[in-house]
Every structure is written in structure tokens, then in C-alpha cells.
Amino acid sequence: MKKWMQFLILMTSITSTSALLASGGIDGGGGNAMPPATNAKWKTECSGCHMLYHPGLLPERSWNKMMNGLDKHFGENATLDAATRDEIKRFLVANSAEKSTNRRSNRIDQSIPSDATPLRITETRYFTSKHDEVSPLTFKRKNIGSAANCIACHKNAEKGDFSESQIRIPR
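Here my numbering runs 50 ahead of the position in the sequence shown, where the first position is 1.
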């Protein structure tokens, strides 16, 4: 009877571990898929010009710098009224890379030197290491445009899902 109990415990452990791995990890969120980020003003204001970049892609200091320099936002004047700017800034900071429990956000944050304040995810070591096999010419394809156009290859990028199984690189 003792061997039967040991076998049962072993099988239960294997089944539980398999289920945990299949679900993506302990956090239940797929491990690397970022948690849903929702803020109506962020969605409206930011998606009017470009894709929505998940707040977990950059640290707090980067979002602060970006939101404090909207008059020179990548060559454009993206100035907002103070109340809207402050609401979006609070949202981005509250969900920034170092405040997330998400693995991908943690790895992004760890890839950025503490004295650096990148304004582009493409400037992080995390991004360059994940895209090191992608030719610079690939990013210049008409259907992609640049490395900053995440949704060209990652269809669920705006939802924070960059899983490799979902990558489709346009020709």
C-alpha cells in the first residue's frame, strides 16, 4: 500500500506541474503576456497617432520624461490639457515595467541601466536581444515601416501579448 501512495503522490505532482507549465506559470497570465492595461484617455489620446504601447514596456522614469515632453513627442507636438496629461501619466507610472509582476516587464526593466531613461522600447537591451535575428532591412519593409511598429508582426501587441507563437512577419 505504501508504494501505491508514493506512486499516487508522484503522479499528482507530475500532473500539477504539467498544468502549471501549460498555463504559463504561477502568475496564471501566461508568464510573459502582460496584464490588461485599460485607461480610456490613454487609449483615445495615444492611439490617435500610433499603436498603444503597453505601460509595462518602459520604466516609470521613461514615462515621466515622455509625458513631461509632449511638446516634442518624437518630432510632434502632442501636448494635452493638464488634467488629461496627468491622468495618463499616473496610469503609465502605476503600470510601468518596474511596478509589474509580469516576467516580460521585469526582464525589460532589468535590461535598462539604472542611469538610463529610454523613450523607445527599441532602445532597450531586452528588445535588441529578442530581435537580434531580425535584419534591419526587415524592419524597413513597406508593411512594417520600423522596429517601433510592433503590431506589424505581433498582432496582439496592444494587448501586451508578444508571444513567439503569434509572430507573423509581413513579406
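In this text, a Cβ means the ideal position worked out from N, Cα and C, and glycines have one as well.
Going by DSSP in three states, residue i sits in which element: helix, strand or coil?
i	result
Glu-126	strand
Ile-162	coil
Gly-79	Unreliable positioning characterises Gly-79 in this predicted model, as indicated by a pLDDT of 42, which lies under 50. The coordinate reading is nonetheless provided below. In the structure shown, Gly-79 sits in coil (DSSP, three-state: anything other than H, G, I, E or B).
Ile-194	coil
Ile-219	coil
Ala-72	Residue placement at Ala-72 is flagged as unreliable, the pLDDT there being 41, under the threshold of 50; the coordinate-derived value follows with that caveat. In this structure, Ala-72 counts as helix in the three-state DSSP scheme.
His-204	strand
Thr-94	helix
State the Cα-Cα distance for the pair residue i and residue j, rounded to the nearest angstrom.
i	j	result
Thr-167	Met-117	13 angstroms
Glu-173	Ala-132	28 angstroms
Ser-213	Ala-197	17 angstroms
Pro-163	Tyr-176	11 angstroms
Trp-92	Pro-105	10 angstroms
Ser-97	Glu-208	10 angstroms
Lys-190	Phe-124	18 angstroms
So the candidates are the options; which of them puts its Cα closest to the Cα of residue i?
i	options	result
Thr-129	Cys-99, Ile-158, Asn-145	Cys-99
Arg-111	Ala-147, Lys-122, Glu-95	Ala-147
Lys-139	Gly-125, Arg-157, Gly-119	Gly-119
* To do: Examine the Cβ distances between the stretch 141 to 157 and the stretch 81 to 93 and report whether three or more of them are shorter than 8 angstroms.
  => yes
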